[in-house]
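Asks: Residue numbers (the numbering used here), protein chains in the order written: chain A, 1 to 107; chain B, 108 to 214. The C-beta atom is built at its ideal place from N, Cα and C for all residues, glycine as well. The structure that follows is given in the form of structure tokens.
So this is what it looks like as structure tokens:
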């Protein structure tokens with residue numbers, strides 16, 4: 001799980017389509033499907049349910065587990081952001097040119 | 108700033124050498140130097156000070172700002188880990204085979 005996968009799940013929830021969710025992120029259809037298959041295999045229950053004709057034509061939606069995992073992930077992002085906010089501000093004050101550096105990078 | 112750069116700074120603090128710090132991380136001398144130069148340029152004051160003959164021969168150590176930034180970064184990592192610990196445990200319980208999946212991945 002990570003930011004990209006969370007965004008993909010959110011896109012599926014909002015568009016009802018794996019293809020459309022992938023397009024929104026400039027992700028190929030194949031790549032979006034691969035990620036969904038990986039996510040579904042990773043968890044004890046599928047996160048994404050495919051309907052109406054399956055892979056070729058179909059709509060898709062988040063399962064109950066999918067919604068739960070996405071919401072938990074978002075909560076974790078928010079909690080983490082909040083936990084480091086004060087230090088991040090302090091660190092940003094030591095940056096030579098704040099505009100040119102993304103201190104939120106975690107690579 | 109990120110985990111790799113923080114580890115490099117820590118290595119420099121512990122070994123007193125950019126080359127040795129890089130080696131510990133299987134990083135080329137050139138790569139380690141490039142990262143140090145980037146870090147020094149990013150902040151309002153250099154994080155790493157080079158001594159005794161400079162780039163070719165020299166030792167290196169963290170400046171006051173370097174120690175400060177490294178400690179702040181470690182504190183942020185710890186605060187973030189703590190903030191998500193309970194959710195991470197809950198999420199891990201939904202993973203099909205916990206052993207084969209690293210839920211701490213943030214890519």
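Skipping 5 residues on each side, what residues in its chain have a beta carbon closer than 8 angstroms to that of residue 113(B)?
Replies: Hits under 8 angstroms: 177, 180, 181 and 184.
Asks: Should residue 12(A) and residue 62(A) be called a contact, given that it needs their Cβ atoms to be closer than 8 angstroms?
Replies: In contact: residue 12(A) and residue 62(A) (Cβ atoms closer than 8 angstroms).
Asks: Is it true that the CB of residue 135(B) sits closer than 8 angstroms to the CB of residue 166(B)?
Replies: It is not a contact, given that the beta carbons lie outside the stated cut-off.
Asks: Using a threshold of 8 angstroms, state whether the C-beta atoms of residue 190(B) and residue 82(A) are closer than that.
Replies: Taking 8 angstroms as the Cβ cut-off, residue 190(B) and residue 82(A) qualify as a contacting pair.
Asks: Given a threshold of 16 other Cβ atoms within 10 Å of its Cβ, counted over all protein chains shown, does residue 22(A) qualify as buried or as exposed?
Replies: Its Cβ being crowded by 16 or more others within 10 Å, residue 22(A) is buried.
Asks: Is the CB of residue 21(A) under 8 angstroms away from at least one CB in chain B?
Replies: Chain B, which has no Cβ nearer than 8 angstroms to the Cβ of residue 21(A), makes this no.
Asks: Take the Cβ of residue 109(B) as the centre, count every other Cβ of all protein chains shown within 10 Å, and call the residue buried at 16 or more, exposed below.
Replies: Exposed, since its Cβ has fewer than 16 Cβ neighbours within 10 Å.
Asks: List the residues of chain A whose Cβ lies closer than 8 angstroms to the Cβ of residue 189(B), in chain order.
Replies: Correct list: 83.
Asks: Cα-Cα, which of 155(B), 202(B), 116(B) and 175(B) is closest to residue 90(A)?
Replies: The shortest C-alpha separation from residue 90(A) is found at 175(B).
Asks: Given this structure, state the Cα-to-Cα distance separating residue 96(A) from residue 117(B), to the nearest angstrom.
Replies: Their Cα atoms are separated by approximately 21 angstroms.
Asks: Measure the alpha-carbon distance for residue 172(B) versus residue 139(B) and round it to whole angstroms.
Replies: In a straight line, the C-alpha of residue 172(B) is about 19 angstroms away from that of residue 139(B).
Asks: Quick one: what does DSSP say residue 107(A) is sitting in, helix, strand or coil?
Replies: Unreliable positioning characterises residue 107(A) in this predicted model, as indicated by a pLDDT of 40, which lies under 50. The coordinate reading is nonetheless provided below. Looking at residue 107(A) - three-state DSSP - the assignment turns out to be coil, as it is neither helix nor strand.
Asks: Could I get the ranges of all uninterrupted beta strand (DSSP E) runs contained in the stretch 5-50 of chain A, with 3 residues as the minimum, in chain order?
Replies: Counting whole runs of 3 or more residues, the stretch 5-50 of chain A contains the beta strand (DSSP E) stretches 48-50.
Asks: What's the C-alpha gap between residue 4(A) and residue 35(A)?
Replies: One C-alpha to the other measures close to 10 angstroms.
Asks: Taking 8 angstroms as the CB-CB limit, is residue 121(B) close to chain A?
Replies: For residue 121(B), the answer is no, since every Cβ of chain A falls outside 8 angstroms of its Cβ.
Asks: Should residue 98(A) go down as buried or exposed, given a rule of 16 or more other Cβ atoms within 10 Å for buried?
Replies: In this prediction, residue 98(A) scores a pLDDT of 48, lower than 50, which makes its location untrustworthy; the coordinate-derived value is nonetheless stated afterwards. With fewer than 16 Cβ atoms within 10 Å of its Cβ, residue 98(A) is classed as exposed.
Asks: Could you check if residue 199(B) is buried or exposed, using at least 16 other CB atoms within 10 Å of its CB as the buried criterion?
Replies: That one is exposed.
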